[in-house]
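Chains as they are written, first to last, in my numbering: chain D, 34 to 137; chain E, 302 to 785. Quick reminder that beta carbons are idealized off the backbone N, C-alpha and C, glycines included. Worksheet: one structure, shown below.
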Amino acid sequence: MDAVVVPMEHGLALAAVLFSIGLIGVMVRRNIILILMSVEVMLNACGLAFIVAGAKWGAADGQIMFMLILSIAAAEVVVGLGLLLQVHRRVGSIDIDETSRLRG
Amino acid sequence: MSDQQLLAILPHILLTTVILIQMMVIAFARNLRTTVAISVIALILTGLAFIPVYSLIPIMVTPLIVLDGYAIYYSGLILMSSTAVTLMAYDYFKDRGEKQDEFFMLLLFATLGALILVCSSHFASMILGLELLGVSIYTMISYPHKGLLTLEAALKYLILSGVSSTFILFGAALIYAVGGKLGFAELASVALETRDSGEIFLTAGSALIFAGIMFKLSVTPFHMWTPDVYEGAPAPVTAFVATVSKGAIFAITLRLFTSSNLIEVPSILTGLSVVAILSMLVGNLLALRQDNVKRILAYSSIAHLGYLMVAFIAAGMIGGKVLAIEASSYFLFAYFITTLGAFGVVTIVSLPNTEADAGDISNYEGLFWRRPMLAIMFTLTLLSLAGIPLTVGFIGKFYIFTAGVTTTLWLLLSVVIIGSGIGIFYYLRIIFAMTKRTETDVTKIEIPIAGGWVMASVTAAILFFGIYPTPIVNLINNLVLSIT
């Protein structure tokens, strides 16, 4: 076999980088849509890590976990966007600082 | 799947079926009383369905779900708590406009998630349970549509809970990369094999999972969302978040880390000790500065989770596992009924004002003269939270102490003592506010029937099990110690 095999560590490193990008996005972004997108990036980074790990073990578990993550992400984002609509209707803005009334 | 396995997950199947029936009933004949009745009957039936399961335990149902005594005990706690929250929520929502029925469906969904969580033995079912619980709770928090406060609380909870789920998932992925296993019991061999080689993935994975779980349990330094969510959410939902959600997540954490031996990774134990000490100190100290009863209870819950962490750490020490599981199970029982009592009072006091919950401490001034029974019940729950003898909270704290002494965790124990000492101040502050004679703002507080029953049984339980804890201790010994 002369196919080039990507080592597992590389895949995991990529997933870790994506995860960090998402985490930074959640922390620095002020637009709620972008925060939700950053959470999506983090979830998909987890999915990538599962697929890479699953490929190493040659088992389907990793891919099944990825499908589970996909459906979870969808459910989470549906509720998130629903809340976002309500916030926009009430405040006229989707900036998280402008919606902040609680002391934190 | 064999008949026995089907029988073992009968409670979950039953609850799912009833939720679907309830959905149909709401669609065709919307009536709040009927919906609540279906909810209560569903919860009781699910509880009864656990009786035949008792003769089968321990039993694995696919690699995803295990039903053992531990799962049954915590399922019982969850069902009890959900029933109380359902009754409280009925009082809360019945005078707040139309279309409140779906709330009770969401409550059942969240309960189902918690039930799956406590009996999961695999990362997939754990994530499924966590999300079923979480997504239902976001919606429950924002359900009343009263204003920005609830929306903001829901949004904050959604983002932070989502982020913490990704932490757990990424940690699970790393552990899977090392061991190729996702079931908790199989992880034990992985943890043993890789411990000496200093496997960095395993430590990083467990640390990430822990960080995610700490977020959901709201212990310091991941506690920032708690006071906001407690304040913004409607009082019955706060009671649900404080009891069912935290209890179920703690139960699964204990199962995950004891059955997989991951807790014995030394760096994890050190990290946990720091987290426990910080929670006890920060929770109690910040509660001193609050004027809002819901926020005080939030900080008090942070401190209580800190106490619980002491038992958790004891589980990782040599010879501490059995006692620690016993201690945390009793402590959680005490915490459940006491917290339900406290938020039950907040719910009842909030009933006359449909605009916002009675958070500010001034709402409670003179309660002793206006509603003596309610004030006495609240005093009792606060004393139980403070851990005064003859209440159930004292026995819970005593158990934590025993677990700590057996495993010689002296530093942690001294912080428990300091924390409890500080705690008495702010609990007494609420009690003193209730005894104050006030002429202003004499809003009429009626004790509703459903909420009144909940409060009466909770108060009775706090006193009874505070004086005579043997029934619960026996139950725990019979059920919980069979953890697999």
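- The straight-line gap separating the alpha-carbon atoms of residue 479(E) and residue 42(D) is approximately 11 Å.
- Its chain contains 380, 383 and 384 as the residues whose beta carbon lies nearer than 6 Å to that of residue 344(E), once the 5 sequence neighbours on both sides are disregarded; these appear in chain order.
- Scanning chain D for C-beta atoms nearer than 7 Å to the C-beta of residue 657(E) yields nothing, as the closest lies near 12 Å away.
- Residue 128(D) carries a strand assignment under DSSP once its states are collapsed to helix, strand and coil.
- From the listed residues 128(D), 47(D) and 106(D), the smallest Cα separation to residue 431(E) is found for 106(D).
- DSSP places residue 710(E) in the coil class of the three-state scheme, outside both helix and strand.
- Within the region 112 to 132 of chain D, 112, 113, 115, 116, 117, 119, 120, 123, 124, 129 and 132 place their CB atoms closer than 9 Å to a CB of chain E, listed in sequence order.
- When DSSP states are grouped into helix, strand and coil, residue 64(D) belongs to the strand group.
- It is roughly 44 Å from the alpha-carbon of residue 389(E) to the alpha-carbon of residue 503(E).
- Beta-bridge annotation (DSSP): residue 593(E) is paired with 661(E).
- Taking 9 Å as the threshold, the shortest C-beta distance from residue 67(D) to chain E does not fall below it.
- Of all residues in the region 417 to 432 of chain E, only 424, 425, 428, 429 and 432 place a beta-carbon less than 8 Å from a beta-carbon of chain D.
- In the DSSP annotation of this structure, the continuous segment of the beta strand (DSSP E) that includes residue 366(E) starts and ends at 366 to 368.
- Across the structure, residue 525(E) and residue 326(E) are spaced so that their CA atoms are roughly 40 Å apart.
- Scanning chain D for C-beta atoms nearer than 8 Å to the C-beta of residue 443(E) yields 116 and 119, reported in chain order.
- Between residue 693(E) and residue 638(E), the C-beta gap is smaller than 9 Å, which places the two residues in contact.
- Across the set 130(D), 129(D) and 124(D), the C-alpha of 124(D) shows the shortest separation from the C-alpha of residue 448(E).
- Chain-order list of chain E residues neighbouring residue 70(D): empty, with the shortest C-beta distance near 11 Å, by a criterion of under 9 Å.
- Residue environment: residue 307(E) is assigned as exposed (fewer than 16 neighbouring CB atoms within 10 Å of its CB, all protein chains considered).
- The Cβ-Cβ distance between residue 80(D) and residue 88(D) does not fall below 9 Å.
- Cβ contact annotation for residue 98(D) (same chain, cutoff 6 Å, sequence separation greater than five): 83, in chain order.
- The beta-bridge partner set that DSSP reports for residue 423(E) consists of 484(E).
- With its beta carbon less than 9 Å from one in chain E, residue 76(D) belongs to the interface.
- In terms of Cα proximity to residue 476(E), the closest of 463(E), 445(E) and 510(E) is 510(E).
- Inclusion of residue 409(E) and residue 466(E) in the CB contact set at 9 Å is not warranted, their separation being larger than that value.
- Neighbours of residue 478(E) in chain D, taken as residues at a C-beta separation under 8 Å, are given in chain order as 41, 45, 82, 85, 86 and 89.
- Among the bridge pairs identified by DSSP, residue 362(E) is matched with 366(E).
- Scanning 335(E), 415(E) and 364(E) for the CA closest to the CA of residue 437(E) turns up 415(E).
- Within chain E, the residues placing a beta-carbon under 9 Å from that of residue 98(D) are 424, 425, 428, 470, 473, 474, 477 and 483, ordered along the chain.
- The criterion of a C-beta distance shorter than 9 Å is not satisfied by residue 780(E) and residue 348(E).
- Taken atom to atom, the span from the alpha-carbon of residue 685(E) to that of residue 57(D) is near 42 Å.
- Scanning chain E for C-beta atoms nearer than 7 Å to the C-beta of residue 93(D) yields nothing, as the closest lies near 11 Å away.
- Exposed is the label assigned to residue 304(E), since fewer than 16 other Cβ atoms lie within 10 Å of its Cβ.
- When DSSP states are grouped into helix, strand and coil, residue 634(E) belongs to the helix group.
- Counting along the chain, the unbroken alpha helix (DSSP H) around residue 304(E) starts and ends at 304 to 309.
- By the criterion of a C-beta distance shorter than 7 Å, residue 670(E) is surrounded in its chain by 738, once the five residues flanking it on both sides are discounted.
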